[in-house]
Amino acid sequence: PYPVYAELRRSAPVCQVEPGGLWALTRFEDVAAAFKNPQVFSSAGVRTTTAPPWLGHNPFSESMIVMDPPHHMRLRTLVSRAWTPAAVNRLEPRIRSFAQVLAERLSPEREVDLVDAFAMPLPASVIGELFALDPTMTARYKRWSVDLSSVSGTTEKDTHRHDSIRATVREMEDYLSNVVAERRRHPQDDMVSDLVKTRVDGEALSDAEVMSFLFLLVVAGLETTVQLVSHSVRLLMEQPHLIARLRENPSQVGRFVEEVLRYEPSVHGLVRVTTKATEVSGVVIPEGARVALMIGSACRDGERFKDPDTFDMDREGVNNMPFGHGIHFCLGAPLARLEARVGLEVLLSRFTRFTPTGPVKWNTSLTVRGPLTMPLIPHA
Ligand code: HEM
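In terms of the numbering used here, the sequence shown opens at residue 27 and continues consecutively.
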């Protein structure tokens, strides 16, 4: 039930977690208001977290996620033209076939790490598809996603990791810049072609902007979705009666996924930097402060959700907070929802029960929270 969040919401909803350091907002209303105010709660201020100095060249420099208005708006509008609901829906048959291949490899009554065998490869394959990755690249691409997702958790002191991550970034850049150039010459029916073609008022995306967006997809779209799928299966193990209900009513899987998003949001906190002193619920936060907007706590706020610590897939209404709020609202939300829904539909069509065979190992990140490994036995 996250007692620390509950205590903070009750007694110190706007607090500085350590003297001279990070601040945290924990109430739903305060978190939502901060997301809605990018003029004061800036995303550009956190650029160095996504690309620390040891990385040298910054592959995310033109990413919308580290931009404030007005630059953010230009990029987001251009990308949104290529990233349409129709383009996402077009992926459903591919997602289903990836999920089926993975699920067929899971043997009934045999122990498996669900993260490694299903939750990770499913979104990884989808992003590979978006990159127009050729199938011979699968093994290399696995290393790309692992290395790139580990950038923010790697410190200046972990020098043994730096060379390998820098080499990965160079390799990805070489590969992706070839794909972008190739699609400029010969557009095909895929997302990279849509990105290079997109025009708004005569403006287009530069190669650097297309590349930054492709890099961003790995960071923003992989681990988050891995955790959504893992949390879903973990919660099904804890509440096996839901498996029977969902097997009987597959059309309710989407509703189940919504409650997983609220109950265990993949992203627990996102940091902003204040551009000037500002007052939140009577507390003054100084200029230049790093402020964590705690989505994980907002989603358990009893002022907003009745019985917030109860998992209840029959809740009314949609809660978009797990995907952020305001101008940076997750561009991948429809895709993430689709991947989780289809992935679970496929798993539930094949298995009736999952029993844990060991403890779930959790990651320790403040941003993306979820299982690293989840050993279990699926039963037919
Ligand atoms: C932004 C969550 C999956 C692409 C965000 C933000 C959140 C989020 C909270 C806001 C960041 C901010 O305000 O600083 C999630 C969760 C996911 C998920 C919980 C899965 C369960 C995906 C997927 C993609 C994606 C699958 C694409 C393949 C993006 C992009 C942004 C973003 C491009 C930046 C939007 C902007 O800055 O305007 N996501 N995400 N996400 N997400 Fe997701």
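Don't be surprised by glycine CBs; every beta carbon is placed ideally from N, CA and C.
- Around the beta-carbon of S68, 16 or more other beta-carbon atoms lie within 10 Å, marking it buried.
- The residues P134, E135, F377, T378, R379, F380 and T381, in chain order, have a CB closer than 8 Å to that of H405 in the same chain once the five nearest residues on each side in sequence are set aside.
- When the alpha-carbon of V286 is set against those of V306, T304 and V252, the nearest one is in V252.
- Taking 7 Å as the cut-off, one finds no heavy atom of the ligand HEM near enough to the beta carbon of V317.
- Nearest neighbour of V306 by Cα position, chosen from V244, H354, S391 and L51, turns out to be L51.
- In the three-state reduction of the DSSP assignment, E44 falls in the coil class.
- DSSP places L398 within a strand segment (E or B) once states are collapsed to three.
- Of the residues P149, A145, V40 and V105, the one whose Cα lies closest to the Cα of L117 is P149.
- With a threshold of 16 other beta carbon atoms within 10 Å, S123 falls short and is exposed.
- Within a 10 Å sphere around the beta-carbon of M237 sit 16 or more other beta-carbons, which makes this residue buried.
- For C325, the distance from the CB to the nearest heavy atom of the ligand HEM is not below 7 Å.
- When DSSP reads this structure, D139 sits in a beta bridge with P401.
- In the structure shown, the three-state DSSP call for M320 is strand.
- Taking C-beta atoms as the reference points, L319 and V57 count as a pair closer than 8 Å.
- Check the Cα spacing between G179 and each of E249, G154, A234 and L34: the tightest is with E249.
- In terms of side-chain proximity, the C-beta atom of I91 is found nearer than 7 Å to a non-hydrogen atom of the ligand HEM.
- Taking C-alpha positions only, A108 is separated from P45 by approximately 45 Å.
- Considered as a whole, the segment 51-118 harbours 54-61, 73-76, 97-108 and 111-115 as its complete alpha helix (DSSP H) runs of no fewer than 4 residues, in chain order.
- In this structure, R260 keeps its C-beta atom at 8 Å or more from the C-beta atom of P348.
- At the C-beta level, L296 and T393 come within 8 Å of one another.
- With a cutoff of 7 Å, F54 does not count as near the ligand HEM, since its C-beta is closer than that to no heavy atom of the ligand.
- Between Y28 and G328 a beta carbon distance of about 12 Å is seen, past the 8 Å cut, so the two are scored as non-contacting.
- Shortest gap from the CB of G280 to any heavy atom of the ligand HEM: 7 Å or more.
- In this structure, the ligand HEM has a non-hydrogen atom nearer than 7 Å to the beta-carbon of C356.
- Between the beta-carbon of T103 and that of V226 there is about 5 Å, and that keeps the pair under the 8 Å contact cut.
- If you check the C-beta of A246 against the ligand HEM, you find a heavy atom less than 7 Å away.
- Sequence-distant partners of I353 (beyond 5 residues in either direction) whose C-beta falls short of 8 Å from its own C-beta, in its chain, are P64, P95, H98, M99 and R102.
- If you draw a straight line from the Cα of K62 to the Cα of T164, it comes to about 39 Å.
- The segment 354-393 contains, as complete beta strand (DSSP E) runs of 3+ residues, the segments 379-382 (chain order).
- If you compare the alpha carbons of G314, R196 and V293 with that of A303, the shortest gap goes to G314.
- When C-alpha distances from W80 are compared across T162, I191, H267 and S203, the shortest belongs to I191.
- In the assembly as shown, W388 is an exposed residue. Its beta-carbon has fewer than 16 other beta-carbons within 10 Å.
- Distance between M217 and P266, taken at the CA atoms: about 39 Å.
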